[in-house]
Amino acid sequence: MPNQQKPKKQQHKRHKVSIIMTVYNAEATIGRAVKSILKQDTSDLSIEFILVNDASADSSIVVAERLISEKPDNSYISYKSIELEENMGCGYARAAGIEAASGDYFMFLDADDYYINDDFVYRALFTLIENEADIVEYGVRVRDLNGRLKNSVVKESFGIENNTKQVLISLYKENAIKFNVWNKIYTKDVVNSYSYSKEREFEDVRTIPQWLRRAHKVVIVSSVEVNYSAHKSSIVNTDRSKSRLGTVKAIVETLDTIKDIDVIKAMYERAMVDISAVMDGKTSLDEDFEEMSTYNEMFLTRIFGQNHGYTNNQ
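Pasting the structure below:
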């Protein structure tokens, strides 16, 4: 079982964690998100808070910077802002934040989410360091549009070294690791190993598998640390079937870069479990049914219909 004990305070060079928050018209929720960063325990670490404004048209940045201006001068939390001239989407904004970051470790937080515990960053960082991992994932508390709460977390913490194909297949099939960027901490090396997707939708699905296959050790912890509240206008809440279909489409597109059929199959099969639920009762006359058929045909054709040089022996 991975070491998750909170370490004793030590006197040495402070580790720097870059936390990247992308913002687009989030004035109703950003205050809570920013506060959850500003109140983090900075014993033995410093936080570089990078806020990327994706051309918001409301007062999101005013709210955030007012809170930031009130933090103590001796705080080990620094602030850096990036202004995008036009709305480019979360993927592009996160990539801009990564490029501007100077930390040795990375975390991400959306403006409508927040960290539940004040010592989360501290514990996450030292869990990563003491286990010599590249990625540590935590559980999520999901709040739906009706205010109902549900925890999404593994039953028991575990660590995985040397991410072989079979290990990755197991992680995906068992849904043990999520395609979310914001419930994890990463080393700088693994984040820089593959450029974050600049796509406007499902950018995490196009990025997380790439970082996972480049990580030599991954730890998954059975504690819930991030409160996730999907925006009312997000595709997850406005059209659940489109959300699942978008995930499948992103997985199909990873064939060009992952190039391991068995791993892609595991990712695809896991997504299909969710798809079957949202497609229940639909017929070939439904637009979603036709779209699902198109993605499925793309997937089967690219794996079985053409020889792209992919191998099952990697």
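For the sequence shown, the positions run 731 to 1044 when the numbering used here is used.
Just so it is clear, CB atoms sit at the ideal spot from N, CA and C, and this is done for glycine as well.
Values in this document were obtained by computation on a predicted structure and should not be read as measured data.
(1) Which of the three DSSP states is assigned to Lys995 in this structure?
(2) Mark Thr987 as exposed unless 16 or more other C-beta atoms lie within 10 angstroms of its C-beta, in which case mark it buried.
(3) Please classify Asp874 as buried or exposed, where buried requires at least 16 other C-beta atoms within 10 Å of its C-beta.
(4) Mind listing, in chain order, the continuous alpha helix (DSSP H) runs of no fewer than 4 residues lying wholly within the region 801 to 874?
(5) Touch check for the region 821 to 838 and the region 786 to 794: three-plus C-beta pairs under 8 Å?
(6) Can you have a look at Pro802 and say buried or exposed, based on whether 16 or more other CB atoms are within 10 angstroms of its CB?
(7) Just reading off the alpha helix (DSSP H) that Lys880 is part of, what are its end residues?
(8) Between the beta-carbon of Ala830 and the beta-carbon of Ile780, is there less than 8 Å?
(9) Does the Cβ-Cβ distance between Phe888 and Glu955 come in under 8 Å?
(10) How many angstroms separate the CA atom of Val1008 from the CA atom of Leu975?
(11) Apart from the five residues on each side of it in sequence, which residues of its chain come closer than 6 Å, Cβ to Cβ, to Val870?
(12) Would you decide whether Asp848 is buried or exposed? Buried here means 16 or more other CB atoms lie within 10 Å of its CB.
(13) Taking the continuous beta strand (DSSP E) assigned at Ser748, which residues delimit it?
(14) Would you identify the three-state DSSP class for Asp990, choosing helix, strand or coil?
(15) Taking the alpha helix (DSSP H) that Ser766 falls in, what are its first and last residues?
(16) Suppose the cutoff is 6 Å on Cβ atoms and the five residues either side in sequence are ignored; what does the same chain contact list for Gly833 look like?
(17) Evaluate Thr896 with the Cβ neighbour count: other Cβ atoms within 10 Å of its Cβ, from every protein chain shown; 16 or more gives buried, anything less gives exposed.
(18) Just reading off the beta strand (DSSP E) that Glu778 is part of, what are its end residues?
(19) Take Asp864 as the anchor and find which of Ile938, Ala826, Tyr845, Lys903 has the nearest alpha-carbon.
(20) To the nearest angstrom, how far is the alpha carbon of Ser925 from that of Lys810?
(21) Taking Cβ to Cβ, would you say Arg930 is nearer than 8 Å to Glu983?
(22) Can you tell me the Cα-Cα spacing of Val978 and Ile991, whole angstroms?
(23) On the criterion of 16 or more Cβ atoms from any shown chain inside 10 Å, does Thr917 qualify as buried, or is it exposed?
(24) Per DSSP, what are the beta-bridge partners of Phe932 in this structure?
(25) Does the beta-carbon distance from Leu814 to Ala785 come in below 8 Å?
(26) Can you name the start and end residues of the alpha helix (DSSP H) that Lys895 belongs to?
(27) Any idea if Asn804 is buried or exposed, counting beta-carbon neighbours within 10 angstroms, 16 or more meaning buried?
Straight from the coordinates:
(1) In the sequence shown, counting from the first residue as 1, residue 995 sits at position 265. It is helical.
(2) Counting from 1 along the sequence shown, the entry for residue 987 is found at position 257. Under this definition Thr987 is an exposed residue.
(3) Your numbering for residue 874 matches position 144 in the sequence shown. Here Asp874 is exposed. Its C-beta has fewer than 16 other C-beta atoms within 10 Å.
(4) Entirely contained in the region 801 to 874, the alpha helix (DSSP H) runs reaching 4 residues are, in chain order, 820 to 830, 850 to 860.
(5) Touching, no.
(6) Locating residue 802 in the sequence shown gives position 72, where the first residue counts as 1. With fewer than 16 other Cβ atoms from the protein chains shown falling within 10 Å of its own Cβ, Pro802 counts as exposed.
(7) Residue mapping note: residue 880 aligns to position 150 of the sequence shown, counting from 1. For Lys880, there is no enclosing alpha helix (DSSP H); the residue is found in the beta strand (DSSP E) stretching over 879 to 882.
(8) One-based indexing of the sequence shown puts residue 830 at position 100. One-based indexing of the sequence shown puts residue 780 at position 50. Against a cut-off of 8 Å, the Cβ pair of Ile780 and Ala830 comes out as a contact.
(9) On the sequence shown, residue 888 is found 158 positions in, with the first residue counted as 1. On the sequence shown, residue 955 is found 225 positions in, with the first residue counted as 1. Taking 8 Å as the Cβ cut-off, Phe888 and Glu955 do not qualify as a contacting pair.
(10) Residue numbering aside, residue 1008 sits at position 278 when the sequence shown is read from its first letter. Residue numbering aside, residue 975 sits at position 245 when the sequence shown is read from its first letter. Per-residue confidence for Val1008 stands at a pLDDT of 48, beneath the threshold of 50, marking its modelled position as unreliable; the derived number appears in the next sentence. One C-alpha to the other measures close to 10 Å.
(11) Numbered from 1 along the sequence shown, position 140 holds the residue referred to as residue 870. The beta carbon of Val870 sits closer than 6 Å to those of Ser882, Asn913, Val956, Tyr958, all from its chain and outside the five residues before and after it, given in chain order.
(12) For the purposes of this step, residue 848 is identified with residue 118 of the sequence shown, where counting begins at 1. So Asp848 ends up on the exposed side.
(13) Here residue 748 corresponds to residue number 18 of the sequence shown, with the count starting at 1. Ser748 -> beta strand (DSSP E) spans 745 to 753.
(14) Indexing the sequence shown from 1 puts residue 990 at position 260. Shown here, Asp990 sits in a strand according to DSSP, grouped into three states.
(15) Here residue 766 refers to the residue found at position 36 of the sequence shown. Taken as a continuous stretch (DSSP letters only), the alpha helix (DSSP H) holding Ser766 covers 760 to 768.
(16) Reading the sequence shown from its first residue, position 103 is the one you call residue 833. Excluding sequence neighbours, Gly833 sits near Lys746, Val747, Ser748, Glu778.
(17) By one-based count along the sequence shown, residue 896 stands at place 166. Residue identity check: residue 896 is Gln in the sequence provided, not Thr. With a threshold of 16 other beta carbon atoms within 10 Å, Gln896 falls short and is exposed.
(18) Mapped onto the sequence shown, residue 778 falls at position 48. 775 to 783 is the extent of the beta strand (DSSP E) around Glu778.
(19) For the purposes of this step, residue 864 is identified with residue 134 of the sequence shown, where counting begins at 1. Considering only alpha carbons, the answer is Ile938.
(20) Taking the first residue of the sequence shown as position 1, residue 925 is located at position 195. Taking the first residue of the sequence shown as position 1, residue 810 is located at position 80. The straight-line gap from Cα to Cα measures roughly 21 Å.
(21) Counting from 1 along the sequence shown, the entry for residue 930 is found at position 200. Counting from 1 along the sequence shown, the entry for residue 983 is found at position 253. In this structure, Arg930 keeps its C-beta atom at 8 Å or more from the C-beta atom of Glu983.
(22) Against the sequence shown, residue 978 aligns to sequence position 248. Against the sequence shown, residue 991 aligns to sequence position 261. The C-alpha of Val978 lies about 15 Å from the C-alpha of Ile991.
(23) Looking up residue 917 in the sequence shown gives position 187. In the assembly as shown, Thr917 is a buried residue. Its beta-carbon has 16 or more other beta-carbons within 10 Å.
(24) Locating residue 932 in the sequence shown gives position 202, where the first residue counts as 1. As far as DSSP is concerned, Phe932 takes part in no beta bridge.
(25) Counting from 1 along the sequence shown, the entry for residue 814 is found at position 84. Counting from 1 along the sequence shown, the entry for residue 785 is found at position 55. Between Leu814 and Ala785, the C-beta spacing is below 8 Å.
(26) To locate residue 895, count along the sequence shown from 1; it is residue 165. For Lys895, the enclosing alpha helix (DSSP H) covers residues 895 to 903.
(27) Start at 1 with the first residue of the sequence shown, and residue 804 comes out as number 74. Here Asn804 is exposed, its C-beta having fewer than 16 other C-beta atoms within 10 Å.
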